[in-house]
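Here is the structure we will look at, set down as structure tokens.
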Amino acid sequence: MNWLWYILIGLAAGIVSGMGIGGGAVLIPALTILLSVGQREAQHINLLFFIPTAIFALRTHVKEGNIEKKGLLKLALFGVMGVVPAALIAVRMDANWLRKGFAVFLLCMAVYELVKGYKKWKQGKKNNLT
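According to this note's numbering, the residues represented by the sequence shown are 2 to 131, in order.
This is how it looks when you write it as structure tokens:
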């Protein structure tokens with residue numbers, strides 16, 4: 002039965018990755034909650050999962066012209082500069098704090114998306130009345 006969970010989780014994370022949202026938002030919680038994988042192990046799996054899915058998603062988004070090139074080099078440069086200290090901190094951090102921090106991050110992102118969606122919905126309702 003575990004193989005079925007891996008297939009379903011992989012498909013869901015792949016679909017979300019293809020949309021450009023990031024499969025880790027699905028992959029990490031699903032692995033830790035449904036399959037009892039440790040937080041660190043789930044994050045390591047996510048890093049490996051990310052490579053092929055990002056390549057395919059990036060190829061598609063570049064083809065479709067969805068990549069904003071302005072500032073991309075600066076973002077990539079500072080992203081690489083930030084990943085080294087963050088990775089060093091993450092491997093030394095208590096896994097429980099890591100899990101809680103990731104949960105808070107996902108919760109904040111969910112609230113942000115809900116508020117943004119509500120504002121768009123409200124604006125759309127307002128535009129339909131006029």
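Idealized CB from N, CA, C, for every residue including glycine.
Tell me whether residue i sits in a helix, a strand or coil according to DSSP, three-state version.
i, result
"residue 67", "coil"
"residue 38", "coil"
"residue 82", "helix"
"residue 52", "helix"
"residue 22", "coil"
"residue 94", "coil"
Name the two residues that bound the continuous alpha helix (DSSP H) containing residue i.
i, result
"residue 148", "Beyond the ends of the chain as shown, which are 2 and 131, falls residue 148; an answer cannot be given."
"residue 25", "25-35"
"residue 72", "Where residue 72 is concerned, there is no enclosing alpha helix (DSSP H), given that its DSSP letter is neither H nor E."
Which residue's Cα is closest to the Cα of residue i: the options?
i, options, result
"residue 61", "90, 33, 21", "21"
"residue 6", "17, 18, 19, 34", "34"
"residue 63", "98, 94, 19, 76", "19"
"residue 49", "118, 123, 14", "14"
"residue 47", "82, 74, 71, 17", "17"
My understanding is that residue i touches residue j, with C-beta atoms under 8 Å, so please give their C-beta distance in whole angstroms.
i, j, result
"residue 10", "residue 31", "4 Å"
"residue 57", "residue 24", "About 11 Å; that fails the 8 Å criterion."
"residue 26", "residue 107", "6 Å"
"residue 29", "residue 79", "Contact flag wrong, Cβ pair sits at about 24 Å."
"residue 67", "residue 36", "Not really, about 32 Å apart at Cβ, beyond 8 Å."
"residue 39", "residue 96", "6 Å"
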